[in-house]
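Every position in the sequence shown, counted from 1, becomes a number in the working numbering once 80 is added.
The block underneath contains the structure these notes are about, expressed in structure tokens.
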Amino acid sequence: MIRESTTDPVTAVAPSPSAPIETAAPIGVQVLLLGERLDTRRLEEGVVLATAPLIIQAGRAGFAVLFRYGVVVLFGLDPMEEAVFLASLGKLVADPLPVQGRESVTVVIDAAGEDRIDTGGRVFLTDACPERLQLVAEVLARELVLEHYETRIAKVFDSIEPLAASLSRGSLRKLKTKDLLIQIGEVLLAEHRMVGRVELLESPEVLWIKPELERLFVRLEREYDLTARNRALDRKLEVISDTAETLLDLIQTRSSMKVEWYIVALIVLECLLTIYQLVWR
């Protein structure tokens, strides 16, 4: 749960953001995608260790890093503490997801080593300063959001494929304008959220404070292959958008042709009625 501070929120911030957080190694890390947005401003009343992204104390000796695009990264919380903390966030989540995305990672504090990721996916840090935890949380949050959109776009991609197949057979009967508009809207919404909120390819703000963590960021980014996966997702979005727009143009052309045939039919009918009236008279 969020620890409430009896002091002013400003004085609740740790006096030295770079001071290592006392914690035992290894640390269990849970990454959860709760919804489309998370109101982090109301969480700054607790014990704030650092901002951008916001990191606060949670549970007895754990920490939570929270992102406005709906992701929370929990460090060192047991299942009961996690359940209580997530319950406290319930009212702050906009458009909660019916099935929450989740990833689990282990962080090991090794003061005698270096910042690295081993073959088993464990993240080794030389200390548990807030900036390192923020950076790890930022990459993990981006990876989970990217995975979420990969799943959503894959479903859209699968639904577009049969439509393109029917077009290759010269059949437009099964194509519906409403369905295509839904697919186009889904693609545009995904692009808006990825670019406007998550900013997958942007450099984390914590690197402005500690540029020496750039190497750790690069290693984490390579481990989760964020850049290549983001490019692949962009290509899928482009293919889906182009295919849907092409099919929509064909449907509109087909509708226009139908209207033209209706007009021709009405003109012919009017001519026949006129001829009939002349003959009858």
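Glycine included, C-beta positions come from ideal geometry on N, C-alpha and C.
Host beta strand (DSSP E) of residue i (start-end)
| i | result |
| --- | --- |
| R148 | First-last for R148: undefined, no H or E at that position. |
Residue burial classification, residue i (beta-carbon count within 10 angstroms, cutoff 16)
| i | result |
| --- | --- |
| V344 | exposed |
| L346 | exposed |
| Y229 | buried |
| T323 | buried |
| C351 | exposed |
| D195 | buried |
| P210 | buried |
| Q214 | buried |
| G139 | buried |
| K316 | buried |
| A217 | buried |
Beta-carbon separation (whole angstroms), residue i vs residue j, contact threshold 8 Å
| i | j | result |
| --- | --- | --- |
| L220 | E279 | Wrong, their Cβ atoms sit about 15 Å apart, outside the cutoff. |
| F165 | L157 | 6 Å |
| G115 | A174 | 6 Å |
| T307 | L287 | Wrong, their Cβ atoms sit about 16 Å apart, outside the cutoff. |
Inter-residue spacing [alpha-carbon to alpha-carbon] between residue i and residue j
| i | j | result |
| --- | --- | --- |
| V267 | I189 | 41 Å |
| T199 | K258 | 47 Å |
| A245 | S321 | 16 Å |
| L134 | E318 | 34 Å |
| W360 | W341 | 28 Å |
| E223 | Y304 | 7 Å |
| V153 | A270 | 22 Å |
| L226 | P159 | 25 Å |
| V236 | L313 | 12 Å |
| Y149 | M337 | 45 Å |
| V298 | L205 | 14 Å |
| E292 | L261 | 47 Å |
Where the alpha helix (DSSP H) containing residue i begins and where it ends
| i | result |
| --- | --- |
| L296 | 294 to 303 |
| L287 | 286 to 289 |
Residue i Cβ short of 7 Å to the ligand ZN heavy atom set
| i | result |
| --- | --- |
| L327 | Among the components of this structure there are no ligands whatsoever, and the ligand ZN is therefore not found. |
Can you check the segment 116 to 204 for any alpha helix (DSSP H) of at least 4 residues that lies completely inside it and give the ranges in chain order? 159 to 168
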